[in-house]
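J.: Take a look at this one; I'll ask things after.
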Amino acid sequence: MRIAPLGVLSILALAGLGAGTVLFLPDSPHPADAATAAPGIPTLRSDLSDELAYDALLPAPDEPADWVLAALDDGLSRPQAPRGAERRIVEVESGDTLMGLLVEAGAGDEEAHAAASALDGLYDPTRLRIGQPVTVTFDHSGGGRVLKAVSLTPEVDRTVTARRAPDGGFRSSEAERVLESRPVGVEGEIESSLYADATAAGVPDAVVLSLLKTWAYSVDFQRDLQPGDRFAVLFSQDHNPDGSVARLGPVEMARLDLGDKTLTMYRYESRDGTVDYYDRDGASVQRLLLRTPVDGARMTSRFGARRHPILGYTRMHRGVDFGAPSGTPIYAAGDGTVEMIGPQRGFGRYIRLRHNNRLSTAYAHMSRFARLKKGSRVKQGDVIGYVGSSGMATGPHLHYEVLVAGAQVNPLSVDLPTGTTLAGRDRAEFKRRVEAIDRQFRQLTEEAPVASAGRRVDG
């Protein structure tokens with residue numbers, strides 16, 4: 001547990017314009033969907049502030065806190081805590097429980113258990129997030145220390161509170177805030193890299209990283225991107241009543257113009273509730289395997305005959321090498337089972353995953369493995385190990401192989417099957433949605449031409 005000032009909240013600051021322009025168009029306010037991101041996994045939805053509910057015993061959203069809060073002599077009129085009230089902001093750390101946090105903050109065992117139990121119907125206390133602030137209020141007016149209230153914000157638009165009732169027990173309540181969702185359109189030119197140019201144009205890091213992971217199915221960022229290629233993305237931001245950004249909404253559309261090839265994907269929720277990204281024809285952009293199972297790596301050796309850098313003679317190189325700093329995470333290219341894990345002659349630390357009866361992938365020269373064993377199940381994108389230089393290697397890199405029926409094939413050219421394709425009513429609804437999204441993006445870009453004006457318009 002860590003005591004933290006309430007005023008230290010994560011607020012998104014968009015980067016300045018680079019090769020593109022960011023455009024905002026106001027939309028009608030509506031309650032934004034709540035989402036909690038899993039730790040360590042990039043997502044298109046992310047909580048960007050954890051403001052607490054307004055209450056006589058609890059701080060207002062912008063009220064700073066210390067060990068004991070007093071009136072702030074800053075010329076502003078704020079509700080003050082009752083005399084004798086003490087508020088503490090505790091920050092969740094690894095291994096913390098809600099009851100344990102309350103006890104460490106100064107509550108007795110019985111009252112901590114009662115307060116935590118009162119929240120059971122509104123919040124699962126096992127879902128505490130590392131870094132999440134919890135507001136604890138005590139009353140000293142009777143000469144002792146009595147726990148009066150505990151409040152936390154599971155989602156950016158919902159706060160749950162347990163307060164002591166007149167009978168001495170605790171009663172729970174929740175408060176919800178309506179956030180305004182506004183679409184944001186960004187379009188720009190690639191000069192150095194998609195990540196650098198998109199973030200310079202104002203696309204948040206979380207959005208760019210999610211796009212990189214999604215496009216990793218079909219784009220080799222080393223070979224396919226060239227200066228002068230263009231990108232476009234339409235996403236949303238949820239705003240607080242004061243206009244500040246509360247969190248990112250989902251990416252609705254993204255496009256890459258790569259010379260004579262254009263890749264476009266649209267977000268669509270099918271009638272069975274499945275959310276995925278599809279191309280204009282309604283085919284899922286997800287493929288069975290990722291093209292590159294490591295982020296930010298440079299290709300150092302291709303599939304085919306080459307002069308071996310250590311042995312000194314020419315022989316077949318049956319995979320692709322990606323150079324990256326030692327310790328860079330390596331991802332499972334697809335869902336599968338660990339078929340082999342351990343030292344493997346010149347490959348050093350080696351993992352082979354079986355994805356189906358015919359398809360496997362292999363990863364070599366790792367510095368260390370994730371916590372896996374033979375037979376472990378992995379999902380696409382799970383970290384399975386880390387880049388290293390074990391075995392016969394001149395430096396840290398990943399040697400990556402794709403095997404079909406036990407034979408290595410070129411990972412860069414193998415025909416990888418796609419996921420689902422929309423049909424029937426879903427196909428018709430998707431087509432209408434594509435038309436609406438394209439129309440919305442045209443409206444944004446036509447109001448402020450992004451290629452030449454270099455302007456930012458906030459709705």
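Per the UniProt record's numbering, the very first residue in the sequence shown carries number 1; after that it's consecutive.
Glycine residues also receive a C-beta, built at the ideal position from the N, C-alpha and C atoms.
#1: To which residues of the same chain is R230 closer than 6 Å at the C-beta, ignoring the five residues directly before and after it?
#2: Under the assumption that E174 contacts R158 (Cβ atoms under 8 Å), give the Cβ distance between them as a whole number of angstroms.
#3: What are the start and end residues of the alpha helix (DSSP H) that includes S210?
#4: Quick one: grab the DSSP three-state call for A397.
#5: Can you name, in chain order, every residue of its own chain whose Cβ lies under 7 Å from the Cβ of A34, other than the five neighbours on each side?
#6: Work out the CA separation of V402 and P293 for me, nearest whole Å.
#7: What residue range does the alpha helix (DSSP H) around V103 cover?
#8: Using alpha carbons as the reference points, say which of S172, D139, L212 and L248 lies closest to P204.
#9: Please state whether DSSP places A364 in a helix, a strand or coil.
#10: By Cβ distance, which residues of its chain are closer than 6 Å to E252, with the 5 residues on each side in sequence left out?
#11: List in chain order: all unbroken beta strand (DSSP E) runs of 3+ residues lying wholly within the UniProt domain "Csd3-like second N-terminal" (185–303).
#12: Hey, out of S413, F347 and L422, whose CA is closest to T394's CA?
#13: Given that a residue counts as buried once 16 or more other Cβ atoms are within 10 Å of its Cβ, and exposed if not, what is P250?
#14: Any idea if I341 is buried or exposed, counting beta-carbon neighbours within 10 angstroms, 16 or more meaning buried?
#15: Any idea what DSSP makes of P125, helix, strand or coil?
#16: Less than 8 Å between the C-beta atoms of G169 and A114, yes or no?
#17: Please identify the residue among V178, R177, L212 and R182 whose C-alpha is closest to the C-alpha of S193.
#18: For V378, which residues from the same chain have a beta carbon less than 8 Å from its beta carbon, with the 5 sequence-adjacent residues on both sides left out?
#19: Excluding the 5 residues preceding and the 5 following P103 in the sequence, name in chain order all residues of the same chain whose CB lies nearer than 7 Å to its CB.
#20: Taking 8 Å as the threshold (C-beta atoms), are P183 and S236 in contact?
T.: Well, looking at it:
#1: E189 and D257
#2: 6 Å
#3: D205 to W215
#4: Here residue 397 is His; the residue named in the question, Ala, does not match the sequence. Strand, per DSSP.
#5: Reliability of the predicted coordinates at A34 is poor, the pLDDT of 33 falling under 50, and no value is obtained from them.
#6: 11 Å
#7: L98 to A105
#8: L248
#9: strand
#10: L234, R267 and I437
#11: 230–239, 245–258, 261–269, 275–278 and 298–301
#12: F347
#13: buried
#14: buried
#15: helix
#16: yes
#17: L212
#18: A332, D335, G336, T337, V338, L353, L372 and I384
#19: Residue 103 is actually Val in this sequence, not Pro. Cβ within range, chain order: D109 and A112.
#20: yes
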